[in-house]
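For reference, the structure is listed below as structure tokens.
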Amino acid sequence: MKIQSALIASLFLVASPLFAATDKSSSVAASADHSGIDWCKDNDVDAAFAQAKLAKKPLFLYWGAVWCPPCNQVKATIFNRQDFIDRSRHFIPVYLDGDTPSAQKLAARFKVRGYPTMILFKPDGTEITRLPGEVDSDRYLQVLTSAMNSSLSVQDSLKLALAGSKKISAEDWSLLADYSWDDPEQKLVSSKDVVATLLRLSELSPNPSNATRFYLKALAITASASPGSVKVSIDKTKALDKLTKALADQKNARDNMDLVTGVPGELVEFLTSAKSDLRNQLVATFNAALVKLADDASLSKTDRLGAINGLATLATLDNAKPDAAFLKDIQKRVVQIEQATTDAYERQSVVNAAAHAFGAAGMMDESDNLLKAELKRSHSPYYFMSSLASNAKKRGDKTAAVNWYEQAYNAAKGPATRLQWGASYVNSLIELAPTEDARIEKATQSVLSEIGATENAFYERNRSSLDRMGKKLMDWNKNGKHQASFQKVRSQLDGICGKLPASDPQRAACQSVLVSTKS
Numbered sequence: 064m065k066i067q068s069a070l071i072a073s074l075f076l077v078a079s080p081l082f083a084a085t086d087k088s089s090s091v092a093a094s095a096d097h098s099g100i101d102w103c104k105d106n107d108v109d110a111a112f113a114q115a116k117l118a119k120k121p122l123f124l125y126w127g128a129v130w131c132p133p134c135n136q137v138k139a140t141i142f143n144r145q146d147f148i149d150r151s152r153h154f155i156p157v158y159l160d161g162d163t164p165s166a167q168k169l170a171a172r173f174k175v176r177g178y179p180t181m182i183l184f185k186p187d188g189t190e191i192t193r194l195p196g197e198v199d200s201d202r203y204l205q206v207l208t209s210a211m212n213s214s215l216s217v218q219d220s221l222k223l224a225l226a227g228s229k230k231i232s233a234e235d236w237s238l239l240a241d242y243s244w245d246d247p248e249q250k251l252v253s254s255k256d257v258v259a260t261l262l263r264l265s266e267l268s269p270n271p272s273n274a275t276r277f278y279l280k281a282l283a284i285t286a287s288a289s290p291g292s293v294k295v296s297i298d299k300t301k302a303l304d305k306l307t308k309a310l311a312d313q314k315n316a317r318d319n320m321d322l323v324t325g326v327p328g329e330l331v332e333f334l335t336s337a338k339s340d341l342r343n344q345l346v347a348t349f350n351a352a353l354v355k356l357a358d359d360a361s362l363s364k365t366d367r368l369g370a371i372n373g374l375a376t377l378a379t380l381d382n383a384k385p386d387a388a389f390l391k392d393i394q395k396r397v398v399q400i401e402q403a404t405t406d407a408y409e410r411q412s413v414v415n416a417a418a419h420a421f422g423a424a425g426m427m428d429e430s431d432n433l434l435k436a437e438l439k440r441s442h443s444p445y446y447f448m449s450s451l452a453s454n455a456k457k458r459g460d461k462t463a464a465v466n467w468y469e470q471a472y473n474a475a476k477g478p479a480t481r482l483q484w485g486a487s488y489v490n491s492l493i494e495l496a497p498t499e500d501a502r503i504e505k506a507t508q509s510v511l512s513e514i515g516a517t518e519n520a521f522y523e524r525n526r527s528s529l530d531r532m533g534k535k536l537m538d539w540n541k542n543g544k545h546q547a548s549f550q551k552v553r554s555q556l557d558g559i560c561g562k563l564p565a566s567d568p569q570r571a572a573c574q575s576v577l578v579s580t581k582s
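Take the sequence shown: its position 281, counted from the start at 1, is 344 in the working numbering, and no numbers get skipped.
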């Protein structure tokens with residue numbers, strides 16, 4: 064299905080000329096991030112909780128990484144706001160970077176994995192709520208304020224809501240609606256029950272706005288889930304009607320911006336048949352909502368680029384090829400937003416979103432050029448090297464892809480980050496250059512050498528990266544096809560595991576990396 068350029072031209076608002084970013088303005092040191100907040104950064108989380116209990120203040124835990132685009136988005140649009148800085152005086156703020164000592168072990172304790180995760184705790188350590196990182200900054204501040212004023216934990220609010228209790232306040236209903244339900248580490252309900260719970264909350268919510276958000280979240284999770292993983296049946300006729308009405312209502316679309324821009328393609332494909340009239344109608348409604356979001360100056364630049372990405376995604380559904388005028392409109396809008404971004408943190412997020420928008424539109428050269436230019440001024444260029452590798456892979460250029468993955472690993476900084484990037488490099492080699500035994504062996508041994516020298520290496524994100532790499536290596540050596548290299552790697556890992564105390568839970572985690580799940 065082809066989006067007509069006339070429609071887009073009539074919907075896009077032409078922005079005024081904007082100035083370009085300079086290397087000087089974007090070279091702000093990463094260490095100076097959100098300095099207006101008195102963060103506890105020494106990883107002594109227990110001391111921070113003791114301080115919170117003594118001061119009778121909530122504790123705000125931010126879990127992030129220097130390279131992560133959404134983390135940089137939060138820094139550029141939320142943590143730098145004076146009203147957030149002022150509000151931080153009323154809680155104990157803890158900044159936990161994934162590359163600092165013991166960070167991954169602490170992450171296991173607090174059930175945080177994805178960057179960024181933000182949790183508000185009561186002074187006694189009870190989790191009040193997990194705050195969303197996807198909503199715009201004004202809504203985020205509203206959620207934070209409601210959470211700080213709530214006397215209930217989100218767990219208690221959920222129990223009361225599902226029981227039909229009148230004791231749950233309007234603010235607590237809103238906190239449930241804005242909870243990070245798609246966080247795989249959330250423990251409110253089991254992952255298999257999330258959709259059913261959200262649908263039930265949608266039926267029970269006394270506030271129509273919250274009811275809409277519960278329903279759209281359930282629909283988005285279902286549409287983007289792997290086939291058969293969601294056991295609840297959704298009435299597609301009813302869902303199509305609800306989604307269409309939500310998109311047509313500008314305030315509703317704005318309030319649910321993260322859902323509207325997040326998975327438009329998945330929602331359209333889930334609810335309609337290819338090239339059908341219903342699909343055409345839903346895409347037209349989606350386009351109108353997305354263009355309004357793309358033109359909404361009150362949204363962050365990254366969020367507006369997310370809307371443009373959605374337009375590009377819908378334009379290429381059913382293998383359609385957007386016309387030249389549409390692509391020109393996309394390029395103009397992306398370039399204007401990118402060139403208007405001078406803040407170093409914001410650029411990490413904006414350039415990532417801009418490159419994805421170009422990629423969604425099939426403009427791979429434009430995506431590559433943008434990413435390559437950013438390598439010189441980004442505080443974490445290795446992130447964009449991985450994006451260049453991904454682009455090369457999409458084009459079918461296997462050699463360029465593995466070379467970019469290798470460059471990204473070599474440039475990565477921080478133990479957890481280097482493990483993640485190193486494992487990605489190994490995995491890409493196995494997938495794209497499986498006959499290069501020596502290169503795969505060398506890369507894997509490099510990753511394991513660093514793991515052997517890292518304290519608390521087998522927790523949370525680290526463990527996930529190692530498990531994925533281990534599975535790839537096991538599959539690669541299926542039927543002993545690469546036994547000589549595999550055995551060297553296995554012997555090296557056995558040596559690392561053997562140095563861990565028998566009582567250390569990391570030892571079992573280490574030993575499981577190269578063990579078949581079928582054995």
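We put the beta carbon where it would ideally sit given N, CA and C, even for glycine.
Small disclaimer: the values here were computed from a predicted structure and weren't measured.
Residues near A302 in its chain [Cβ-Cβ closer than 7 Å; skip 5 each side]: Taking the sequence shown and counting its residues from 1, the one referred to as residue 302 is at position 239. These residues qualify, in order along the chain: L282 and L334.
Give a yes or no on contact between the segment 476 to 491 and the segment 524 to 541, applying the rule of three or more CB pairs nearer than 8 Å. Taking one beta carbon from each stretch, the segment 476 to 491 and the segment 524 to 541 have 3 or more pairs nearer than 8 Å; the two touch.
When the distance is taken between beta carbons, is F123 closer than 7 Å to P156? On the sequence shown, position 93 is the one that residue 156 refers to. On the sequence shown, position 60 is the one that residue 123 refers to. Yes, these two residues count as a Cβ contact at 7 Å.
Hey, Y203 and I148: beta-carbon distance below 7 Å or not? Start at 1 with the first residue of the sequence shown, and residue 203 comes out as number 140. Start at 1 with the first residue of the sequence shown, and residue 148 comes out as number 85. No.
Closest by C-alpha distance to L63, when choosing among V257, R193 and V137: Examination of residue 63 is not possible in this model, given that the chain is present from 64 through 582 alone.
Given that a residue counts as buried once 16 or more other Cβ atoms are within 10 Å of its Cβ, and exposed if not, what is A578? Along the sequence shown, one-based indexing puts residue 578 at 515. First, the residue type needs correcting, since residue 578 is Val and not Ala in the sequence shown. Flag for V578 reads exposed.
Measure the beta-carbon distance from F421 to E409 and round it to whole angstroms, keeping in mind my assumption that it falls under 8 Å. The residue given as residue 421 occupies position 358 in the sequence shown. The residue given as residue 409 occupies position 346 in the sequence shown. That belief does not hold up - the Cβ atoms of F421 and E409 are roughly 18 Å apart, past 8 Å.
Considering Cα atoms alone, identify which of S268, A474 and N432 is closest to Y445. The residue given as residue 445 occupies position 382 in the sequence shown. Considering only S268, A474 and N432, the residue with the shortest C-alpha distance to Y445 is A474.
Endpoints, alpha helix (DSSP H) assigned at W236: Within the sequence shown, numbered from 1, the residue matching residue 236 stands at position 173. In the DSSP annotation of this structure, the continuous segment of the alpha helix (DSSP H) that includes W236 starts and ends at A233 to A240.
From the DSSP output, read off the bridge partner residues of M426. By one-based count along the sequence shown, residue 426 stands at place 363. M426 is not bridged to any residue.
Grab me the residues of D538's own chain with a C-beta within less than 6 Å of its C-beta, minus the 5 sequence neighbours each way, in chain order. The residue labelled residue 538 in the question sits at position 475 within the sequence shown. So the list is empty, once near-sequence residues are dropped.
For V157, which residues does DSSP report across the bridge? Numbered from its first residue, the sequence shown carries residue 157 at position 94. According to DSSP, which records beta bridges pairwise, V157 is partnered with C103 and L124.
Candidates P133, H442 and S450: closest to N432 by CA position: Start at 1 with the first residue of the sequence shown, and residue 432 comes out as number 369. Nearest in C-alpha terms to N432, of all of P133, H442 and S450, is S450.
Apart from the five residues just before and just after A479, which ones in its own chain have a Cβ nearer than 8 Å to its Cβ? On the sequence shown, position 416 is the one that residue 479 refers to. So the list reads A128, G161, D162, A166, Q167, R524 and N525, once near-sequence residues are dropped.
Burial state of A337 (16 or more Cβ within 10 Å): Counting from 1 along the sequence shown, the entry for residue 337 is found at position 274. Label assigned to A337: exposed.
With a threshold of 16 other CB atoms inside 10 Å of the CB of K384, please say whether the residue is buried or exposed. Reading the sequence shown from its first residue, position 321 is the one you call residue 384. Sixteen is the threshold: since fewer than 16 other Cβ atoms of the shown chains lie within 10 Å of the Cβ of K384, the residue is exposed.
Between the segment 275 to 290 and the segment 239 to 248, do at least 3 Cβ pairs fall closer than 8 Å? With a cut-off of 8 Å, the segment 239 to 248 and the segment 275 to 290 count as touching, because enough Cβ pairs lie within range.
Taking the C-alpha atoms as reference points, what is the distance between A352 and P186? Here the question's residue 352 lines up with position 289 in the sequence shown. Here the question's residue 186 lines up with position 123 in the sequence shown. Between A352 and P186, the C-alpha separation is close to 42 Å.
With a cut-off of 8 Å on the beta carbons, I'd call A311 and N319 a contact; round off their distance for me. Numbered from 1 along the sequence shown, position 248 holds the residue referred to as residue 311. Numbered from 1 along the sequence shown, position 256 holds the residue referred to as residue 319. So it is not a contact: roughly 13 Å between Cβ atoms.
Which residue wins for smallest C-alpha separation from I191, given the options P290, E248, L207 and G177? Looking up residue 191 in the sequence shown gives position 128. That would be L207, whose Cα lies nearest to the Cα of I191.
Throw me the rounded Cβ distance for the R458 and M427 pair, which I believe falls under 8 Å. Taking the first residue of the sequence shown as 1, we reach residue 458 at position 395. Taking the first residue of the sequence shown as 1, we reach residue 427 at position 364. Rounded, the Cβ-Cβ distance is 6 Å, consistent with contact.
What alpha helix (DSSP H) runs, 4 residues minimum, are completely inside the segment 258 to 294? Counting only runs of at least 4 residues, the segment 258 to 294 fully encloses the following alpha helix (DSSP H) elements, listed from N- to C-terminal order: 271 to 287.
Who does I182 pair with in a DSSP beta bridge? Position 119 of the sequence shown holds residue 182. Answer by DSSP bridge pairing, in chain order: L124 and R193.
Relative to the C-alpha of A292, which residue among P271, R317, K222 and S253 is closest? To locate residue 292, count along the sequence shown from 1; it is residue 229. For the record, residue 292 in the displayed sequence is Ser; it is not Ala. Closest in alpha carbon position to S292, among P271, R317, K222 and S253, is S253.
Taking 7 Å as the cut-off, decide whether the C-beta atoms of R481 and E513 are in contact. What you label residue 481 is simply residue 418 of the sequence shown in a count that begins at 1. What you label residue 513 is simply residue 450 of the sequence shown in a count that begins at 1. Contact: yes.
W484 in three-state terms, based on DSSP: In the sequence shown, residue 484 corresponds to position 421, counting from 1. W484 falls in the helix class under three-state DSSP.
Contact check, C560 vs F521, beta carbons under 7 Å: As a working mapping, residue 560 is identified with position 497 in the sequence shown. As a working mapping, residue 521 is identified with position 458 in the sequence shown. For the 7 Å CB-CB criterion, C560 and F521 do not form a contact.
Is the distance from the Cβ of K364 to the Cβ of I400 below 7 Å? Start at 1 with the first residue of the sequence shown, and residue 364 comes out as number 301. Start at 1 with the first residue of the sequence shown, and residue 400 comes out as number 337. The answer is yes: Cβ separation under 7 Å.
Given this structure, state the Cα-to-Cα distance separating A69 from R342, to the nearest angstrom. Within the sequence shown, the letter at position 6 stands for residue 69. Within the sequence shown, the letter at position 279 stands for residue 342. Residue confidence for A69 is low, a pLDDT of 35 falling below 50, so the modelled location carries little weight; the figure read from the coordinates is stated next. One C-alpha to the other measures close to 19 Å.
The alpha helix (DSSP H) enclosing N350, as first and last residue numbers: Locating residue 350 in the sequence shown gives position 287, where the first residue counts as 1. In the DSSP assignment, N350 falls within the alpha helix (DSSP H) that extends over D340 to A357.
CB of L434 within 7 Å of CB of A464, strictly: By one-based count along the sequence shown, residue 434 stands at place 371. By one-based count along the sequence shown, residue 464 stands at place 401. Contact: no.
Any idea if R172 is buried or exposed, counting beta-carbon neighbours within 10 angstroms, 16 or more meaning buried? For the purposes of this step, residue 172 is taken as the residue at position 109 of the sequence shown. Classification for R172: exposed.
Return the CA-CA distance between K562 and K505, expressed in angstroms with no decimal places. Numbered from its first residue, the sequence shown carries residue 562 at position 499. Numbered from its first residue, the sequence shown carries residue 505 at position 442. The straight-line gap separating the alpha-carbon atoms of K562 and K505 is approximately 22 Å.
Leaving out the 5 sequence neighbours to the left and right, which residues in its chain are closer than 7 Å to D246 when beta-carbon positions are compared? Along the sequence shown, read from residue 1 onward, the residue named residue 246 stands at position 183. Only G177, T180 and R193 meet the Cβ criterion.
E494 by DSSP, collapsed to three states: which one? As a working note, residue 494 is residue 431 in the sequence shown. The answer is helix: DSSP assigns E494 an H, G or I state.
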